[in-house]
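The next block holds one structure in the form of structure tokens; read it before the comments.
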Ligand SMILES: Nc1ncnc2c1ncn2[C@@H]1O[C@H](COP(=O)(O)OP(=O)(O)OP(=O)(O)O)[C@@H](O)[C@H]1O
Ligand SMILES: [Mg+2]
């Protein structure tokens, strides 16, 4: 009985409305943050920080964005890649047109621009739902990528269609993009933003707007009858979701890869993020992180695991296995546990709460 | 039942006719609802009772007739506007937000009263947090009133039917409505649950002064609770009056009471 809520009586609504109401959960969260901010930068290699932690965090942010739209507000979207591309190209145009802008401003403004684009592409959601909305967002995905490829203005007429981030620092010479940026700086910068946006998202979903999103998701006609306006509520979800996806795209292009072409944000990216939230858990903040960790780490695990047990499996077979594992898992989660890994984690905690007594 | 003094007319339904394609669902229906009364609509299955509620709160738009609410004859109304005017309702087939807890469902009922904007909610500090706490307090009063403390944190999809009906009533009450439309709140309940629900309806009417329009099949309940009763049958209005009078009406006996029991 180490993990329990018994004996914790909340005397105020404020305490009962806290993000984590169980003491052990709070400790766990602080420990996790300490590990993320202190331990990982201390012990991780450049490779781990730069090629595993960075994409994990950035994709988790995009998954968070999609989870707001799909998991909380119930609007299925296949346009995540397009919105990430919008963020990346907006950041590039801003950073090259106004070189004196701070990277933070550039990134936030790219998010805001993407929010505007998301708002626009969210307009059809008032009329169409479900499958048809998914097709409409897919169309916006193709349109956006086509647009960034087609018009040289977006890449400042670079012949290859690739954009490269100029070196930029948060303050002084703390570079987070370009050749002078260290893996630690990039990691800590990204981590800070991702943690802040995760907190912000959690706040939104536990407030009125979050309840309105879920109401629209669960029963739109009842939502309307209690006074929730469909269009603004859905558009807010599209805008905020795109805001996060845009920031993820900007971070991807600027901080993670440094240079990027529109293809990095094609429809496969949209599906990848969608799979993350299906596996991680629809309508869960933690689900976005679990899903991203899973999808980033699984290929690495699959390509290394055979060596650990002394097997030698050809690379192409491994990538086939990867596809099969993903496919099977997605079907499993869709059918058996739509709330994903986050729900399994929840169940584990519920068991733990009763342990060692089953009743 | 003792003689109750009825207030002014708050809702006037005038010559409402509603059709779906060739099917006439409501045919020239007229009645009024007075401040503070419990007004019942009865009639056999398919009589058009639920459709009448849908007309009152703007979900269905009648082809003919007028609805006057608080002295204002309304134009074509959007669904969310009814809530803004203080009209709340529950549904015959429970329409809760299944993935959300009891608490969140009822909190959502207060959405129109929350004034903080999205940015304030994102930061969850100051106004947004104060509002959450203040509305939580109000919601807890409703939870106490409906005696559903034990299920506050449970996702409503997992609750038994009778409890879901209560939560739905709670969500409607959270809006502090002036006019409450209840579509068969006791359907499918056992005797004990029915008694509880009757008590809640009476208390809501009595303590909060809420005007109630009630659809109910259980004649005992209707006769006990209602101040006045409208009887519909296949879209036609058969009778309108106090329970005793309606009970003695020959057309009602023939068309409805005789058939159903
Ligand atoms: N949206 C709709 N489209 C088509 N027909 C409808 C619609 N809503 C109601 N009807 C029809 O109108 C008629 C009256 O339905 P309504 O639900 O109002 O009856 P009711 O009196 O509430 O019956 P019950 O006691 O079974 O709830 C029924 O024949 C029904 O099929
Ligand atoms: Mg009905």
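Residue numbers (my numbering), protein chains in the order written: chain Z, 430 to 788; chain Y, 142 to 402.
Ideal placement from N, C-alpha and C gives every residue a C-beta, glycine not left out.
None of these values were measured; they are calculated from a predicted model.
One finds 632, 636 in chain Z with Cβ atoms closer than 7 Å to the Cβ of residue 265 (chain Y), taken in chain order.
Taking 7 Å as the cut-off, one finds no heavy atom of ligand 2 near enough to the beta carbon of residue 239 (chain Y).
Annotated as proximal: residue 707 (chain Z) and residue 759 (chain Z), with beta-carbon spacing under 8 Å. Here DSSP, grouped into helix, strand and coil, assigns residue 341 (chain Y) to helix.
Per the CB criterion, closer than 5 Å to any heavy atom of ligand 1, the qualifying residues run in chain order as Y:161, Y:166, Y:186, Y:187, Y:188, Y:189, Y:190, Y:191, Y:192.
The Cβ neighbour count for residue 710 (chain Z), taken over all protein chains shown within 10 Å, is at least 16; the residue is labelled buried.
At a threshold of 7 Å, residue 729 (chain Z) does not count as near ligand 2, since its beta carbon sits no closer than that to any of the ligand's heavy atoms.
Near chain Y, meaning a CB-to-CB distance below 7 Å, no residue of the region 673 to 702 of chain Z qualifies. Neighbours of residue 451 (chain Z) in chain Y, taken as residues whose beta carbon is under 8 Å from its own, are absent, since the nearest beta carbon is some 12 Å off.
Chain-order list of chain Z residues neighbouring residue 198 (chain Y): 654, by C-beta distance under 8 Å. The three-state reading of DSSP puts residue 464 (chain Z) in helix, counting H, G and I together.
The Cβ-Cβ distance between residue 179 (chain Y) and residue 368 (chain Y) falls below 8 Å. Interface with chain Y (8 Å Cβ-Cβ cutoff): residue 665 (chain Z) is included. Scanning chain Y for C-beta atoms nearer than 7 Å to the C-beta of residue 657 (chain Z) yields 221, 252, reported in chain order. Residue-level contact by beta carbon fails for residue 148 (chain Y) and chain Z, as no gap is shorter than 8 Å. With a 10 Å radius around the Cβ and a threshold of 16 neighbouring Cβ atoms, residue 306 (chain Y) comes out buried. The count of Cβ pairs closer than 8 Å, one atom from the region 329 to 348 of chain Y and one from the region 182 to 192 of chain Y, stays below three, leaving the stretches out of contact. The beta-carbon of residue 274 (chain Y) is placed less than 8 Å from the nearest beta-carbon of chain Z. Look at residue 643 (chain Z): its C-beta is under 8 Å from a C-beta on chain Y. Out of Z:665, Z:517, Z:474, the CA that lies nearest to the CA of residue 538 (chain Z) is found in Z:517. DSSP places residue 691 (chain Z) within a helical segment (H, G or I) once states are collapsed to three.
Closest in C-alpha terms to residue 725 (chain Z), from the list Z:714, Z:751, Z:735, Z:746, comes Z:751. As far as DSSP is concerned, residue 522 (chain Z) takes part in no beta bridge.
Where residue 161 (chain Y) is concerned, the enclosing beta strand (DSSP E) starts and stops at 150 to 161. Contact with chain Z is absent for residue 304 (chain Y), since none of that chain's Cβ atoms lies less than 8 Å from the residue's Cβ. Against chain Z, the beta carbon of residue 290 (chain Y) has no neighbour under 7 Å; the closest one sits roughly 13 Å away. In this structure, residue 192 (chain Y) lies away from residue 217 (chain Y), with their beta-carbon atoms at least 8 Å apart. Not one heavy atom of ligand 2 lies closer than 7 Å to the C-beta of residue 262 (chain Y). Contact of residue 650 (chain Z) with chain Y by beta-carbon distance below 8 Å involves 200, 220, 236. Of all alpha-carbon atoms in Z:753, Z:633, Z:473, Z:645, the one lying nearest the alpha-carbon of residue 728 (chain Z) is that of Z:753. Taking C-beta separations shorter than 6 Å and ignoring five residues to either side along the sequence, the partners of residue 251 (chain Y) in its chain run 276, 315, following chain order.
Assignment of residue 213 (chain Y) by DSSP, reduced to helix, strand and coil, places it in the strand class. Residue contact check for residue 352 (chain Y) against chain Z: no CB pair falls below 8 Å. Residue 741 (chain Z) and residue 441 (chain Z) have their alpha carbons spaced roughly 59 Å apart. Contact annotation, residue 190 (chain Y) with residue 373 (chain Y): C-beta distance approximately 6 Å; criterion of less than 8 Å satisfied. Distance from residue 565 (chain Z) to residue 557 (chain Z) at the Cβ level is roughly 6 Å; contact confirmed, criterion being Cβ atoms closer than 8 Å.
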